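Residues 97 to 601 (my numbering) make up the sequence shown, in order.
Note that beta-carbon positions come from the ideal geometry of N, C-alpha and C, so glycine has one too.
Keep in mind it's a predicted model, so treat the numbers as computed, not measured.
For reference, the structure discussed in these notes is given below.
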Amino acid sequence: MKRIHRFVLLSYFGPLIMTFFIVLFILIMQFLWKYIDDLVGKGLDIVTLSELLFYFAVSFIPMALPLAILLAALMTFGNMGENFELTALKSSGISLQRIMLPLIVLIILISIGAFFFSNNVLPHSNLKSRSLLHDIQKQRPELNIQPGSFYNGIDGFSIKIAEKDPGTNLMHKILIYDHRDKKGNISVTYADSGYMRITPNELNLIFNLFNGHSYTELQQDKRNKNQRRGKTYPHRHDQFSKETVIFDLTGFGLSRSNEDLFKSHYSMLNLDGLEHYRDSFSIILDERKELFTKSMLTLNLFKYPDLGKLKREKENVKVDSTIEFIPREILDGLRQIRQENIIAQALGYAKAAKKEVTDSKKSIVWRAKTIKRYEIEWQRKFTLSFACFIFYFIGAPLGAIIRKGGLGTPVVVSVLFFVIYYVISLMGEKFAREMIITPLEGMWASSFILLPVGIFLTYKATTDSVIMNTETYTEIPKRIIRSLKKIMIFNFPGDRVNENPSTDK
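Right, here's the structure in full:
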């Protein structure tokens, strides 16, 4: 290995590792901020929490790696340009492409490794992280009770609160429905306010309710003589200023779910699994379309309630195919009541056919969108590797042009390009999910848009362009201003100097 190659590689490794872990740390903090309500107060041990963070950190690598490559390339070549190392190398007859060559080989190896990571490691980490997060969210149900919606996490009960003070944990307008008897809403408890807490052994959830009442319907005794006269609706109504309700939380500890329940999700499959499920859903979709066609032709469009009667009528009636079929004339020849029956029957068939079309359309569209999800994830396995390659060819020449190292300008430029790439990717994926464009077009749109940018920047850096020099863009307005001044002086000369001054005598 030549010294120049070793020098460039060593200059790149440091910023790459540093920026990669910085970006990964930021993404983990974003995850904790998003799911902080699901994690805090659940009594998680350090092993479980570390396992969760580790699996999610692995899941964030596809997002952190391209940004780290872009930022590291900008910093490396920016530092080399700022310290005049690029100038010294170029003056020695070494071109920019030769300086970038060792890193190009490195990025190709990283891209290949990113593909195998996305295909083999990422599905496993997604499965572990999502299943563990799902199990944690089911634990400690008192933290999942949100204002304005019913919570049914506790077997046999349905709980709703109107408001919740996050500071004092005081809840307002509490409704508790007891469904343990499976007879409907026959037992209801309402309170103006209350608190909830978990017992130290974490086996019970305690509600301390204030200023409320409870209503319970009682079963009517069928042997009662008043039964003959009608129902008496026996019930029990209690009022209280303070009441304590205890819920059994046995089984609400952290229990790991069977991971096989999540394995069919598109984000938890490799290429072989994605192709398998895509082909399976395609077969089901084709069968559903064929069944819909047969159903429409046999049961809706050509529907006869009495085929025997129809056959007998055809034997006695001669059909002239040259005569135009006019339904209005046929109806006019029938009695009024017969016309109404035929029209009502036709409307019934039309409504049934419309309902069949609506239901079949929902089913077919849902299956088609599911197939698109698997195709999108299949394309994503390759876009990660290509993104690493593109971001390097944006960062390296751009750093050589800017000639600014550190974490200042490179961070701003890197985030700008990454946001553009990410927004285009989200838009393309959204359009592909809605079947506006194909998954190939949607998932590769950002790469195809930024690839010419990388080629353009590489060309400009090779020709020592000054596109990032502010004087390049301020010189044009200066020239325009100078031209305007000349025009103004020519048209409005003002006080001119006398070309033939008279001599003093």
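Within 10 angstroms of the Cβ of L580, are there 16 or more other Cβ atoms? Answer buried if so, exposed if not. One-based indexing of the sequence shown puts residue 580 at position 484. L580 is classed as exposed because its beta carbon has fewer than 16 other beta carbons within 10 Å across all chains shown.
N- and C-terminal bounds of the beta strand (DSSP E) containing G263: Mapped onto the sequence shown, residue 263 falls at position 167. Annotation for G263: no beta strand (DSSP E) segment contains it, and DSSP assigns it neither H nor E.
G495 burial status per 10 Å Cβ neighbour count (16 or more: buried): Here residue 495 corresponds to residue number 399 of the sequence shown, with the count starting at 1. Buried.
To the nearest angstrom, how far is the alpha carbon of F180 from that of R99? Within the sequence shown, the letter at position 84 stands for residue 180. Within the sequence shown, the letter at position 3 stands for residue 99. C-alpha separation (whole angstroms): 17 Å.
Within a Cβ cutoff of 7 Å, which residues of the same chain sit near L546, ignoring the five residues on either side of it in sequence? Here residue 546 is taken as the residue at index 450 of the sequence shown, counted from 1. Excluding sequence neighbours, L546 sits near I486, I490, Y517.
Does the Cβ-Cβ distance between D290 and L301 come in under 7 Å? Locating residue 290 in the sequence shown gives position 194, counting from the first residue. Locating residue 301 in the sequence shown gives position 205, counting from the first residue. According to the sequence provided, residue 290 is Gly. The question's Asp does not apply to it. In this structure, L301 does not lie closer than 7 Å to G290 by Cβ.
Among V549, I532, P493, E473, which has the Cα closest to the Cα of P158? Counted from its first residue, the sequence shown places residue 158 at position 62. Nearest option by C-alpha distance: E473.
Where G189 falls: helix, strand or coil (DSSP): Within the sequence shown, residue 189 is the residue found at index 93, counting from 1. Coil, per DSSP.
For G290, the first and last residue of its enclosing beta strand (DSSP E): Position 194 of the sequence shown, counting from 1, holds the residue named residue 290. Run containing G290: 283-294, per the beta strand (DSSP E) assignment.
With DSSP run on the structure shown, which of helix, strand or coil describes Q126? By one-based count along the sequence shown, residue 126 stands at place 30. In this structure, Q126 counts as helix in the three-state DSSP scheme.
Hey, would you say F116 sits closer than 7 Å to A160, going by beta carbons? Here the question's residue 116 lines up with position 20 in the sequence shown. Here the question's residue 160 lines up with position 64 in the sequence shown. The answer is yes: Cβ separation under 7 Å.
Distance, Cα to Cα, L197 vs K186? Within the sequence shown, residue 197 is the residue found at index 101, counting from 1. Within the sequence shown, residue 186 is the residue found at index 90, counting from 1. Going by C-alpha positions, L197 is about 14 Å away from K186.
So for I118, helix, strand or coil by DSSP? Here the question's residue 118 lines up with position 22 in the sequence shown. It is helical.
Quick test of the definition: if touching needs 3 or more C-beta pairs under 8 Å, does the stretch 374-385 touch the stretch 332-345? With a cut-off of 8 Å, the stretch 332-345 and the stretch 374-385 do not count as touching, because too few Cβ pairs lie within range.
Could you give the residue range of the beta strand (DSSP E) that holds K338? Within the sequence shown, numbered from 1, the residue matching residue 338 stands at position 242. Where K338 is concerned, the enclosing beta strand (DSSP E) stretches over 331-344.
For chain B, find out if any of its Cβ atoms is closer than 7 Å to the Cβ of S363; answer yes or no. You won't find chain B in this structure, because it holds only one protein chain.
Between which two residues does the alpha helix (DSSP H) carrying N175 extend? The residue you call residue 175 lines up with position 79 of the sequence shown. Looking at the DSSP string, the run of the alpha helix (DSSP H) that includes N175 is 157-178.
Whole angstroms are fine: how far does the CA of I576 sit from the CA of R102? As a first step, residue 102 must be located in the sequence shown, where it is residue number 6. As a first step, residue 576 must be located in the sequence shown, where it is residue number 480. Distance between the alpha carbons of R102 and I576 is about 48 Å.
Go to N49, then tell me how far its alpha helix (DSSP H) extends in each direction, as first and last residue. Nothing in the structure corresponds to residue 49, since the chain is present only between 97 and 601.
Using 8 Å for Cβ pairs, my map puts T183 next to S107. What's the rounded Cβ distance? Counting from one through the sequence shown, the residue named residue 183 turns up at place 87. Counting from one through the sequence shown, the residue named residue 107 turns up at place 11. About 15 Å separates the beta carbons of T183 and S107, which is beyond the 8 Å limit, so they are not a contact pair.
Distance check for Q432 and S254, CA to CA, integer angstroms please. Locating residue 254 in the sequence shown gives position 158, counting from the first residue. Locating residue 432 in the sequence shown gives position 336, counting from the first residue. Straight-line spacing of the CA atoms in S254 and Q432 works out to 56 Å.
Is G177 buried or exposed, if buried means 16 or more other CB atoms sit within 10 Å of its CB? As a first step, residue 177 is located in the sequence shown; it is residue number 81 there, counting from the start. Taking every protein chain shown into account, the CB of G177 has 16 or more other CB atoms within 10 angstroms, so this residue is buried.
Measure the C-alpha to C-alpha separation of I232 and F127 and round it to an integer number of angstroms. For the purposes of this step, residue 232 is taken as residue 136 along the sequence shown, with counting starting at 1. For the purposes of this step, residue 127 is taken as residue 31 along the sequence shown, with counting starting at 1. Straight across, the Cα-Cα distance linking I232 with F127 is about 14 Å.
Quick one: Cα of L512 to Cα of L166, how far? Your numbering for residue 512 matches position 416 in the sequence shown. Your numbering for residue 166 matches position 70 in the sequence shown. The alpha-carbon atoms of L512 and L166 are separated by roughly 11 Å.
Does the count of Cβ pairs from the stretch 212-224 and the stretch 473-484 closer than 8 Å reach three? The answer is yes - the stretch 473-484 touches the stretch 212-224, with three or more Cβ pairs under 8 Å.
In whole angstroms, what separates the C-alpha of V341 from that of L140? The sequence position of residue 341 within the sequence shown is 245, counting from 1. The sequence position of residue 140 within the sequence shown is 44, counting from 1. Each residue's Cα considered, the two are about 26 Å apart.
Assuming contact is defined by CB atoms lying nearer than 7 Å, are S207 and S481 in contact in what I supplied? Position 111 of the sequence shown, counted from the first residue, corresponds to residue 207. Position 385 of the sequence shown, counted from the first residue, corresponds to residue 481. Yes. Within cutoff.
Beta carbon of Y470, beta carbon of L367: below 7 Å? Here residue 470 corresponds to residue number 374 of the sequence shown, with the count starting at 1. Here residue 367 corresponds to residue number 271 of the sequence shown, with the count starting at 1. Contact: no.
In chain order, what residues of the same chain have a beta carbon less than 6 Å from the beta carbon of M267, not counting five sequence neighbours either side? Working through the sequence shown from its first residue, we reach residue 267 at position 171. Closer than 6 Å at the Cβ level, and outside the excluded window around M267, lie I257, K260, G290.
Residue(s) in a DSSP beta bridge with K390: Walking along the sequence shown from the start, residue 390 turns up at place 294. According to DSSP, K390 bridges with nothing at all.
Measure the alpha-carbon distance for I467 versus H220 and round it to whole angstroms. Along the sequence shown, read from residue 1 onward, the residue named residue 467 stands at position 371. Along the sequence shown, read from residue 1 onward, the residue named residue 220 stands at position 124. C-alpha separation (whole angstroms): 21 Å.
Check this for me: beta carbons of G174 and I498, under 7 Å apart or not? Locating residue 174 in the sequence shown gives position 78, counting from the first residue. Locating residue 498 in the sequence shown gives position 402, counting from the first residue. By the CB criterion at 7 Å, G174 and I498 fall inside the cutoff.
Nearest to K224 by alpha carbon, out of V549, I551, Y151, D344? Counting from 1 along the sequence shown, the entry for residue 224 is found at position 128. If we check each option's Cα against that of K224, Y151 comes out closest.
Per DSSP, the bridge partner or partners of H220: The residue given as residue 220 occupies position 124 in the sequence shown. Answer is none; H220 lacks a bridge partner.
May I ask which residues mark the beginning and end of the beta strand (DSSP E) holding G308? As a first step, residue 308 is located in the sequence shown; it is residue number 212 there, counting from the start. Residue range 300-313 is occupied by the beta strand (DSSP E) that includes G308.
Check the C-beta distance from P44 over to C484 and give it rounded, since I have them as a contact under 8 Å. Here the chain comprises residues numbered 97 to 601, so residue 44 is not present and cannot be evaluated.
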